[in-house]
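Numbering (the working numbering), first residue to last: 2 to 124.
We put the CB at the ideal spot given by N, CA and C, even for glycine.
Remember, it's a predicted structure, so these values are computed and weren't measured experimentally.
Below, the structure is given as structure tokens:
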């Protein structure tokens with residue numbers, strides 16, 4: 002098992018790793034739209050927050066020797082399911098191979114985020 006850590010994505014805000022590699026699979030922790038340079042959520046709308054969360058995932062996957070193209074499963078959390086359509090319009094630009102996915106509404110996300118995404122990818 003290998004722990005993945007990169008400064009190109011936000012540091013964990015709790016007792017967890019950005020990702021774990023085991024065998025040929027990478028399991029990322031959920032990424033919220035924190036700008037890793039500032040440590041803050043700077044975007045206020047779902048489209049911009051989705052873009053940042055995916056950029057954070059991309060950085061973690063690249064550190065682990067993978068990419069968004071090798072994602073096999075995503076789990077997506079939205080603070081408001083009414084954002085589903087806008088979220089999808091951003092998501093589909095990055096996950097073009099259409100990995101398996103779950104997407105649910107949650108009561109709240111850390112730091113007031115509107116979206117959180119975690120993935121499983123091949124190395």
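Going by C-alpha to C-alpha distance, which of the options sits closest to residue i?
i: residue 26; options: 88, 103, 78, 66; result: 66
i: residue 2; options: 39, 21, 15; result: 21
i: residue 82; options: 59, 70, 107; result: 107
i: residue 32; options: 54, 79, 85, 49; result: 54
i: residue 57; options: 13, 124, 87, 4; result: 13
i: residue 44; options: 115, 111, 102; result: 115
i: residue 50; options: 16, 121, 110; result: 110
i: residue 15; options: 88, 112, 9; result: 112
i: residue 10; options: 85, 123, 104, 63; result: 63
i: residue 124; options: 6, 24, 8, 4; result: 24
i: residue 102; options: 70, 28, 120; result: 120
i: residue 87; options: 98, 97, 48, 59; result: 48
Taking the alpha-carbon positions, what's the residue i to residue j distance?
i: residue 36; j: residue 61; result: 13 Å
i: residue 78; j: residue 30; result: 12 Å
i: residue 95; j: residue 76; result: 15 Å
i: residue 72; j: residue 38; result: 25 Å
i: residue 89; j: residue 80; result: 14 Å
i: residue 52; j: residue 34; result: 8 Å
i: residue 7; j: residue 19; result: 8 Å
Could you spell out the range, first to last residue, of the beta strand (DSSP E) harbouring residue i?
i: residue 3; result: 3 to 5
i: residue 43; result: From DSSP, residue 43 is part of no beta strand (DSSP E); its letter is neither H nor E.
i: residue 20; result: 20 to 23
i: residue 103; result: 101 to 106
i: residue 14; result: Residue 14 -> no beta strand (DSSP E), and no H or E assigned at all.
i: residue 110; result: Unbroken run through residue 110: none, as it is neither H nor E.
i: residue 122; result: 116 to 123
i: residue 33; result: Neither: residue 33 is in no beta strand (DSSP E) and is coded neither H nor E.
Kindly indicate the opening and closing residues of the alpha helix (DSSP H) around residue i.
i: residue 71; result: Element bounds for residue 71: n/a, residue is neither H nor E.
i: residue 87; result: 85 to 95
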